[in-house]
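One structure is given below, encoded as structure tokens.
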Amino acid sequence: MASYEKLKSDMSVCDGERVGGYPFPCHGQLYRCLACGAVGCRQTKDHACSKQGFDVSFKCYGCGVAGQYEAVASGHVQSKSAACSPERIANAD
Ligand SMILES: [Zn+2]
Ligand SMILES: [Zn+2]
69 MASYEKLKSD MSVCDGERVG GYPFPCHGQL YRCLACGAVG CRQTKDHACS
119 KQGFDVSFKC YGCGVAGQYE AVASGHVQSK SAACSPERIA NAD
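According to the working numbering, the sequence shown holds residues 69 to 161 in order.
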């Protein structure tokens, strides 16, 4: 397996919020629409994530084209010591 550690700073998983009261981010695989360039995760239900980009049939939420997608390169490597994120997100909502 190739190492993609250089990509670890790239956002390749969805950081949207799950609808339904889940206390953790979506972390779904992100896909990019080849037609309009929109990036988002795919959910089996409509609007299951605040950043959902595709529905179950890979239809783009942005432009409505189905099947024109590519997976955003995932450099997400399971790390045992990645407990804390250095970024401080002010969730003052
Ligand atoms: Zn998502
Ligand atoms: Zn699109």
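Just so it is clear, CB atoms sit at the ideal spot from N, CA and C, and this is done for glycine as well.
Keep in mind it's a predicted model, so treat the numbers as computed, not measured.
In terms of CA proximity to S125, T112 leads the group A141, L98, T112, V140. Of the residues C94, G121, A141, V81, the one whose Cα lies closest to the Cα of V133 is G121.
At a cut-off of 7 Å, the beta-carbon of G89 does not count as near ligand 1: no heavy atom of the ligand is closer than that. Between ligand 2 and A139, a heavy atom-to-CB distance of less than 7 Å is absent. Any heavy atom of ligand 2 counts here; residues with a Cβ closer than 6 Å to one of them, in chain order, are C101, A103, C104, A106, C128, G130, C131, V133.
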